[in-house]
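Q: I have a structure here, written as structure tokens, and I will follow up with some questions on it.
Residue numbers (the working numbering), protein chains in the order written: chain Y, 1 to 351; chain G, 1 to 351.
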């Protein structure tokens, strides 16, 4: 255990991406993507740090909507939970957590991790995290982990590697937005780009100094609200930590991470991890009690309590929660949000 | 009540047509196709005769597999249940019932009715039944009810109307097999054809005489087995009453019946009755708690306990029983049998 290392987990989430399996009260981080239905993404995110972050150094930033689900998850109140009065993107969330940590130790290392990513290769992850922590302890840089791409993905932003600083560390020479397929292919082939995974390691004082430099309004609002979260939060600049700080900061360092990471951003992303999860079948990705099928391919089925029968169907997303049944064409996966909007309007308890 | 009228309901059924809603232990006659989930087709078939067939004149012929479900249905043992040692099509079933009735009254009227047809217009049905019973009481003919077609259906056999015998009765000049679409259209336009619905009315002695004439082996087997059903049944000719008797008999009379009848032979047949059942939506036929959808048409969805969400899907059959979830392309509806075969083989409790 390293007493000077704090883990800050960003656990908001609106629950639309894996709807109807996920809902506003049960977003992705509370779902399991492993064989054990009790191994939630959030649970695994915490477990991952068992060997070096102590209980009292674990923070979760979440939203008002998720206060109750979070209490249920953390029924013995081991976690320090910061409940945002309202979701305002990641910059205010990182800022608030840093201000809380500053009260304890401004020299402390702060690791910022999303709650809902899929990381199967635990040891590879930890090795890189330890490197990043060691770097942050000895440098004033802001460290961001970059995922070694395994395909020309258009769904993620990228980091461009700059000068190597050690065997593993690189400067980040640019943050780039989600590319089109052609550009993604160039990035992938060049070997010079990493996926931006939203995982950060820095000293508390270093990120706060960056806030002072690139988002000075944050501290001003904080002070003028007398550090009252309820007052300050609605005024804090609602932007991402990437846009607000990382893209502007001078000394950003990355450690390439090769650990099977996926952010599981949509139902179709299951196809990337289906083999590892053992749910790849001849009919597509199928999570079910059992499955039979005839002439059916490329489907994504999530119906763990059902015998599933597929007949002459292709490229569908089928989700059965017992309460809600969604059948969607895979090519319309991005429109699931619109379905959720309709459900919110007419049947809010199902959203 | 007419004490000389007996109702014989043919209630076999293998449960594949509406699988997974129907199963081998719960074939179509035990399903509800009305707003009240307790109004099963069999229940409604019985109710339909409440005004003129007394309790002790109600017979049900069923199979060994359905013995228990039938006991559950008829928990107070009001029905006289004949359990076939094995299913051997409709001729043996009618023959056995007629032999049982002969012991009571060979002059009695015997009405043979399928257990699993959909008949919404009760009064029209009863009016025609009364005509048919009156005819059978005063003639030695075999009466078969013929459904007035409302579309050029290729899924049913047809009766060709011959000479009119009264305002309503017609001779049947021919029994014809399921036609192709072109022929069905000719039939429909001609007004001379009726759907063969498998509903018969005759005196016990008249049908037994017809058996003696056209299937003399039946009575011979019956006698040589000393009227022991278990011994006789495996030897009885396994054919339909249509093929064995009706197509050959000389004096077959029909009464055209116009009562919204449908035999509900497959999931797609729900489209014919969806308006009447109030389950027609812009997304197709949908039986669910609630439904939301975007860009989805022509589907058939049976998920009464679920909120159903459809996105960019067309012409699917989706059935969710809570235990089994089937998603099929509507054009493959006739292959559901093959799916059921697979299920029977690998997961028999779900078939």
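Backbone N, C-alpha and C define an ideal beta-carbon position, used for all residues, glycine too.
Report the option in 2/G, 8/G, 35/G and 316/G whose CA atom is closest to the CA atom of residue 276/G.
A: 35/G
Q: Looking at chain G, is there any beta carbon in it that lies within less than 8 Å of the beta carbon of residue 354/Y?
A: Past the edges of chain Y, shown from 1 to 351, lies residue 354/Y, and the structure says nothing about it.
Q: Do you know how far the Cα of residue 252/Y is from the Cα of residue 194/Y?
A: 14 Å
Q: Can you name, in chain order, every residue of its own chain whose Cβ lies under 8 Å from the Cβ of residue 41/Y, other than the five neighbours on each side?
A: 28, 29, 30, 31, 32, 33, 115, 116, 117, 118 and 264
Q: Mapping the DSSP letters down to three states, classify residue 4/Y as helix, strand or coil.
A: coil
Q: Per DSSP, residue 347/Y forms a beta bridge with which residues?
A: Residue 347/Y pairs with nothing; no bridge assigned.
Q: Return the bridge partner residues of residue 9/G from the DSSP annotation.
A: 60/G and 113/G
Q: To which residues does DSSP link residue 292/Y through a beta bridge?
A: Answer is 309/Y, bridged to residue 292/Y.
Q: To test your reading of the DSSP string, which unbroken beta strand (DSSP E) runs of 3 or more residues are found completely within the region 171–220 of chain Y?
A: 193–203
Q: Helix, strand or coil: how does DSSP classify residue 268/G here?
A: helix
Q: Which residues in the same chain have their Cβ closer than 6 Å to the Cβ of residue 173/Y, if we skip the five residues on either side of it in sequence?
A: 160 and 162
Q: Using the Cα positions of residue 307/Y and residue 15/G, report the straight-line distance between them to the nearest angstrom.
A: 17 Å
Q: Can you tell me whether residue 188/G sits near the ligand FMN, meaning its C-beta is under 7 Å from at least one heavy atom of the ligand?
A: Ligands displayed in this structure: none; no statement on the ligand FMN is therefore possible.
Q: Return no unless some Cβ of chain Y is closer than 8 Å to the Cβ of residue 206/G.
A: no
Q: For residue 267/Y, I'd like the list of residues in its chain whose CB is within less than 6 Å of its CB, leaving aside the five on either flank, ordered along the chain.
A: 300, 317 and 333
Q: Under the rule that 16 or more other beta-carbon atoms within 10 Å means buried, what is residue 78/G, buried or exposed?
A: exposed
Q: If distances are taken between C-alpha atoms only, which option among 138/Y, 112/Y and 102/Y comes closest to residue 9/Y?
A: Of the listed residues, the one whose Cα sits closest to residue 9/Y is 112/Y.
Q: Thinking C-alpha only, which one of 151/G, 97/G and 242/G is nearest residue 191/G?
A: 151/G
Q: Could you list which residues in chain Y have their beta carbon closer than 7 Å to that of residue 323/G, in chain order?
A: 306 and 307
Q: Which residue wins for smallest C-alpha separation from residue 323/Y, given the options 315/Y, 350/Y and 209/Y?
A: When only C-alpha atoms are compared, the closest one is 350/Y.
Q: Answer yes or no: does any C-beta atom of chain G fall closer than 8 Å to that of residue 328/Y?
A: yes
Q: If you compare alpha carbons, which of 211/G, 62/G, 237/G and 48/G is closest to residue 82/G?
A: 62/G
Q: Run down chain Y in chain order and give the residues with a C-beta less than 9 Å from the C-beta of residue 346/G.
A: 290 and 292
Q: With distances taken between CB atoms, is the gap from residue 239/Y to residue 57/Y smaller than 8 Å?
A: One thing to note: residue 239/Y has its Cβ no nearer than 8 Å to the Cβ of residue 57/Y.
Q: Between the C-alpha atoms of residue 48/Y and residue 98/Y, what's the straight-line distance to the nearest angstrom?
A: 22 Å
Q: Could you round the C-beta distance between residue 136/Y and residue 104/Y to whole angstroms and report it? I think they count as a contact, below 8 Å.
A: Actually they are not in contact, since the Cβ atoms of residue 136/Y and residue 104/Y sit about 16 Å apart, beyond 8 Å.
Q: With a threshold of 16 other CB atoms inside 10 Å of the CB of residue 138/G, please say whether the residue is buried or exposed.
A: exposed
Q: Would you tell me roughly how many angstroms separate the C-alpha atoms of residue 197/G and residue 156/G, rounded to the nearest one?
A: 8 Å
Q: List in chain order: all unbroken beta strand (DSSP E) runs of 3+ residues lying wholly within the region 111–155 of chain G.
A: 142–147
Q: Apart from the five residues on each side of it in sequence, which residues of its chain come closer than 7 Å, Cβ to Cβ, to residue 246/G?
A: 142, 144, 175 and 252
Q: Around the Cβ of residue 1/G, are there at least 16 other Cβ atoms within 10 angstroms (buried) or fewer (exposed)?
A: exposed
Q: In the DSSP assignment, what are the bridge partners of residue 254/Y?
A: 144/Y and 170/Y
Q: Residue 45/Y lies in the alpha helix (DSSP H); which residues open and close that run?
A: 41–47
Q: If you reduce the DSSP assignment to three classes, tell me which class residue 323/G lands in.
A: If DSSP states are grouped into helix, strand and coil, residue 323/G belongs with coil.
Q: Please list the terminal residues of the continuous alpha helix (DSSP H) segment that includes residue 101/Y.
A: 90–104
Q: Can you tell me whether residue 297/G is buried or exposed? The criterion is at least 16 other CB atoms within 10 Å of its CB, across all chains shown.
A: By the neighbour-count rule (16 or more Cβ atoms within 10 Å), residue 297/G is not buried but exposed.
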